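Data first, discussion second: the structure below is written as structure tokens.
Numbering (the working numbering), first residue to last: 1 to 443.
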């Protein structure tokens with residue numbers, strides 16, 4: 001018998017409900033993760049008690065989704081969702097049931113859930129309740145819909161993306177009938193909000209297996225949510241530096257990057273501009289001049305469409321735009337690029353460019369990696385020296401420029417920018433006397 005060590009508050013909620021004559025279980029992802037030896041992010045509880053009956057048993061509750069049977073119980077600073085056993089009615093928007101019917105049967109509640117591995121319940125008295133083969137599918141590393149796949153995926157189209165996301169997070173395969181239903185119903189993802197699509201996409205990309213985005217492509221999912229990626233998968237690169245299509249290359253870049261949202265998104269989109277900039281020379285070699293700038297614009301359009309926050313959009317597009325810049329290992333060059341790229345982004349370039357190189361062909365790979373290490377060492381020396389990189393690092397301010405006779409206004413910024421250019425070439429010029437002596441010639 002599998003035993004799960006329930007958190008104190010979860011056990012208290014279950015015990016309280018059972019003491020009042022109701023059934024209660026931890027259910028869903030928390031049971032799955034516990035069986036796998038993972039720490040659950042949260043704990044959901046299902047019960048035979050009706051919402052008002054649940055509310056009567058606890059001091060502090062919130063009507064999170066009382067219409068659909070969910071009450072939030074507050075214990076200390078922790079919030080736990082407690083939901084009545086239910087049967088979902090007709091799904092009108094491919095996402096939410098029009099109505100739900102409460103039931104006294106745990107079996108009926110588990111039947112409405114998406115995948116077998118998420119349709120298990122547990123309490124200390126009954127142990128694991130696994131009516132649909134969840135434990136077996138965990139052993140076999142399989143994602144399988146509960147019941148008839150077409151029915152489950154028709155009810156909630158987001159489950160189509162969740163299937164691939166779980167496969168990526170767990171390194172599982174998707175059972176064939178579930179795959180068939182996904183292929184048939186992928187188009188219904190167009191009914192799902194951009195925000196929900198975005199959340200699932202990020203979870204997939206930041207998993208241990210971002211390359212499972214290829215599975216989403218094979219199943220027809222990206223054709224609906226990310227057609228730009230389909231173009232990339234279909235675009236070959238006849239160039240000595242590359243051995244894969246644009247899409248396959250991007251998948252491999254993500255595999256070499258840490259599971260950071262900004263980095264993985266940049267890995268996905270860094271070459272997305274190649275399809276619009278491709279030229280072929282007289283020798284049949286493909287070139288993609290200007291693709292970073294074009295790619296940054298395309299990425300911004302995708303982020304707007306999928307309702308990404310501005311901070312993520314700005315950071316990713318910046319990395320896409322500057323990922324292919326040539327930066328010589330010369331201190332003045334490094335200072336200038338740190339200024340252009342941004343001090344926050346510059347260190348990311350090393351991890352990103354290394355991933356980019358590793359995902360290319362073997363052509364000049366060792367030389368490219370050596371050059372990158374030389375550049376990194378030169379950067380660290382500039383960083384250690386504390387050289388001036390931005391206007392804010394200058395030893396004089398706008399006030400000093402005005403006192404030197406430059407009228408307040410745009411001219412002040414122009415003078416400071418010109419002085420910064422000199423200091424980027426020679427940090428020793430970041431000297432107050434020298435900079436003040438230069439102002440007259442820059443007015």
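Where is the CB? At the ideal position from N, CA and C, for every residue including glycine. Every value quoted in this text rests on a predicted model; they were computed, and no experiment measured them.
Continuous alpha helix (DSSP H) stretch holding residue i: start and end
| i | result |
| --- | --- |
| residue 352 | 346 to 358 |
| residue 122 | Where residue 122 is concerned, there is no enclosing alpha helix (DSSP H), although the beta strand (DSSP E) it sits in stretches over 121 to 123. |
| residue 79 | That residue, residue 79, is in no alpha helix (DSSP H); its beta strand (DSSP E) goes 78 to 84. |
| residue 15 | 8 to 19 |
| residue 154 | 149 to 155 |
| residue 265 | 261 to 269 |
| residue 299 | 291 to 305 |
| residue 202 | 194 to 205 |
| residue 235 | No alpha helix (DSSP H) holds residue 235; DSSP gives it neither H nor E. |
| residue 181 | 176 to 185 |
| residue 134 | 134 to 140 |
Residue i versus residue j: straight-line alpha-carbon distance, rounded
| i | j | result |
| --- | --- | --- |
| residue 391 | residue 309 | 28 Å |
| residue 35 | residue 301 | 41 Å |
| residue 171 | residue 214 | 13 Å |
| residue 321 | residue 296 | 5 Å |
| residue 440 | residue 425 | 20 Å |
| residue 132 | residue 264 | 35 Å |
| residue 43 | residue 68 | 18 Å |
| residue 336 | residue 395 | 18 Å |
| residue 247 | residue 269 | 9 Å |
| residue 140 | residue 351 | 35 Å |
| residue 427 | residue 326 | 22 Å |
| residue 217 | residue 230 | 7 Å |
| residue 130 | residue 138 | 12 Å |
| residue 151 | residue 106 | 19 Å |
| residue 104 | residue 7 | 25 Å |
| residue 403 | residue 357 | 51 Å |
| residue 445 | residue 201 | Absent from the structure is residue 445, since the part of the chain shown begins at 1 and ends at 443. |
| residue 166 | residue 423 | 52 Å |
| residue 333 | residue 370 | 18 Å |
| residue 368 | residue 154 | 49 Å |
| residue 445 | residue 419 | Absent from the model: residue 445. The displayed extent of the chain is 1 to 443, so no value can be given. |
Per-residue burial, residue i [other beta carbons within 10 Å of its own, 16 or more giving buried]
| i | result |
| --- | --- |
| residue 113 | buried |
| residue 25 | buried |
| residue 1 | exposed |
| residue 359 | buried |
| residue 209 | buried |
| residue 267 | buried |
| residue 290 | exposed |
| residue 123 | buried |
| residue 380 | exposed |
| residue 159 | buried |
C-beta atoms of residue i and residue j nearer than 7 Å
| i | j | result |
| --- | --- | --- |
| residue 84 | residue 102 | yes |
| residue 118 | residue 37 | no |
| residue 389 | residue 339 | yes |
| residue 294 | residue 271 | no |
| residue 115 | residue 87 | no |
| residue 329 | residue 408 | no |
| residue 242 | residue 361 | yes |
| residue 157 | residue 182 | no |
| residue 135 | residue 80 | no |
| residue 211 | residue 257 | no |
| residue 240 | residue 363 | yes |
| residue 52 | residue 16 | no |
| residue 442 | residue 412 | no |
Integer-rounded CB distance, given that residue j should sit under 8 Å from residue i
| i | j | result |
| --- | --- | --- |
| residue 312 | residue 262 | 6 Å |
| residue 254 | residue 205 | 7 Å |
| residue 55 | residue 47 | Contact flag wrong, Cβ pair sits at about 12 Å. |
| residue 307 | residue 198 | 6 Å |
| residue 111 | residue 146 | 6 Å |
| residue 207 | residue 179 | Wrong, their Cβ atoms sit about 19 Å apart, outside the cutoff. |
| residue 31 | residue 4 | 7 Å |
| residue 187 | residue 164 | Contact flag wrong, Cβ pair sits at about 15 Å. |
Terminal residues of the beta strand (DSSP E) in which residue i lies
| i | result |
| --- | --- |
| residue 127 | 127 to 129 |
| residue 44 | 44 to 47 |
| residue 396 | Neither: residue 396 is in no beta strand (DSSP E) and is coded neither H nor E. |
| residue 101 | 100 to 102 |
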